[in-house]
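Positions 592 to 796 (my numbering) are the ones given, in order, by the sequence shown.
This report concerns only the one structure given below.
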Amino acid sequence: METWAIFTGDIVKSSAMGRAELDAVFARLEDAAEALTTWQGQSSRMTRFRGDGWQMAVAPKFTLRAALVLRAAVRRCGKTADTRFGIGIGEAHFAGDDLARADGAALVRSGHALDAMPRARRMHAPDATLALRAALPLADRIATGWTKRQADVAYYMLAPEPPVQAELAQRFGLTQQSVQGHVDAAGIDELREVCDVLEEQKTTQ
Numbered sequence: 592m593e594t595w596a597i598f599t600g601d602i603v604k605s606s607a608m609g610r611a612e613l614d615a616v617f618a619r620l621e622d623a624a625e626a627l628t629t630w631q632g633q634s635s636r637m638t639r640f641r642g643d644g645w646q647m648a649v650a651p652k653f654t655l656r657a658a659l660v661l662r663a664a665v666r667r668c669g670k671t672a673d674t675r676f677g678i679g680i681g682e683a684h685f686a687g688d689d690l691a692r693a694d695g696a697a698l699v700r701s702g703h704a705l706d707a708m709p710r711a712r713r714m715h716a717p718d719a720t721l722a723l724r725a726a727l728p729l730a731d732r733i734a735t736g737w738t739k740r741q742a743d744v745a746y747y748m749l750a751p752e753p754p755v756q757a758e759l760a761q762r763f764g765l766t767q768q769s770v771q772g773h774v775d776a777a778g779i780d781e782l783r784e785v786c787d788v789l790e791e792q793k794t795t796q
């Protein structure tokens, strides 16, 4: 079995959403899943279950970066849109692209992490390395405060190979100075630095 970071999550306050609104959130998650597939060179196996639940397989080195991009992807749907997820890192065996058919320690740990999520948190990885466990709550607090526009910018700028700011400015009809302002307000440069450091280290114990 290979080592993976399995994300098991659900959509916060999904019961207050209409079907179209929830489907829009999952469309954003699907977009993020495709981006992650490109980063890691293997399918992220995005799987939706129980209406508002989802799972994804991420290369362990990208755990923090993926967590932030997934939070940004959902927040792009609106300032109150959010998702929470437990992360389990360990062995995983896949039977196709449907994670409902997968097994291994990473999936078990991921489910337990979601069930044991502290009330004020949105991201939880109790079995990760000390460095990741230290970084995740701080990243969680920053991501929780993102506005919709900051999430738009974070979604692209937190990728391993982000676009130039002029390209984002054109995409969103903003000035380059405004894009830089969102980068600063969202803490993107600092978050990228932490992601880069973690990606140079082993992310399993």
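Note that beta-carbon positions come from the ideal geometry of N, C-alpha and C, so glycine has one too.
Please report how far the alpha carbon of Arg700 lies from the alpha carbon of Ile678, in whole angstroms. As a working mapping, residue 700 is identified with position 109 in the sequence shown. As a working mapping, residue 678 is identified with position 87 in the sequence shown. Whole-angstrom Cα-Cα distance: 7 Å.
What does a CB cutoff of less than 7 Å around Arg740 pick up in its chain, not counting 5 residues either side in sequence? Position 149 of the sequence shown, counted from the start, is the residue given in the question as residue 740. His773, listed in sequence order.
Could you tell me the distance, in whole angstroms, from the CA atom of Thr629 to the CA atom of Ala648? Taking the first residue of the sequence shown as 1, we reach residue 629 at position 38. Taking the first residue of the sequence shown as 1, we reach residue 648 at position 57. Roughly 13 Å between the two C-alpha positions.
Which two residues bound the contiguous beta strand (DSSP E) that contains Phe640? In the sequence shown, the residue the question calls residue 640 occupies position 49. That run of the beta strand (DSSP E) goes Thr638 to Phe640.
Which residues in the same chain have their Cβ closer than 6 Å to the Cβ of Ala658, if we skip the five residues on either side of it in sequence? Within the sequence shown, residue 658 is the residue found at index 67, counting from 1. Same-chain partners within the cutoff: Met714.
Neighbourhood of Arg667 by C-beta, 7 Å cutoff - its chain only, sequence neighbours within 5 removed: The residue given as residue 667 occupies position 76 in the sequence shown. Once the five neighbours on either side are set aside, the close Cβ partners of Arg667 are Arg619, Lys739, Ala742, Asp743 and Tyr746.
Cβ separation of Glu593 and Ala683, assumed to be a contact under 8 Å, to the nearest whole Å: Here residue 593 corresponds to residue number 2 of the sequence shown, with the count starting at 1. Here residue 683 corresponds to residue number 92 of the sequence shown, with the count starting at 1. 7 Å between Cβ atoms; contact.
Among Ile597, Ala615 and Ala596, which has the Cα closest to the Cα of Ser605? For this step, residue 605 is matched to residue 14 along the sequence shown. Ser605 has its Cα closest to that of Ala615, out of Ile597, Ala615 and Ala596.
Can you tell me whether DSSP reads Glu752 as helix, strand or coil? Indexing the sequence shown from 1 puts residue 752 at position 161. Coil at Glu752, not helix or strand.
Thr738 in three-state terms, based on DSSP: Residue mapping note: residue 738 aligns to position 147 of the sequence shown, counting from 1. Coil, per DSSP.
Is the distance from the Cβ of Pro651 to the Cβ of Ala596 below 7 Å? The count along the sequence shown starts at 1 and reaches residue 651 at position 60. The count along the sequence shown starts at 1 and reaches residue 596 at position 5. Going by C-beta atoms, Pro651 is nearer than 7 Å to Ala596.
Given that a residue counts as buried once 16 or more other Cβ atoms are within 10 Å of its Cβ, and exposed if not, what is Thr794? Within the sequence shown, the letter at position 203 stands for residue 794. Confidence at Thr794 is low in this model, with a pLDDT of 45, below 50, so its placement is unreliable and the value that follows should be read with caution. It counts as buried.
Taking the runs of the alpha helix (DSSP H) that are 4 residues or longer, which of them lie wholly in the region 624-711? 654-666 and 696-706
Using a Cβ-Cβ cutoff of less than 7 Å, which residues in the same chain neighbour Arg639 once the five nearest sequence positions on both sides are dropped? As a working mapping, residue 639 is identified with position 48 in the sequence shown. If we look at Arg639 and ignore the five residues flanking it on each side, its Cβ neighbours are Phe617 and Trp645.
Considering only the alpha carbon of each residue, which of Val660, Asp601 and Glu612 lies closest to Ala750? As a working note, residue 750 is residue 159 in the sequence shown. Nearest C-alpha to Ala750: Val660.
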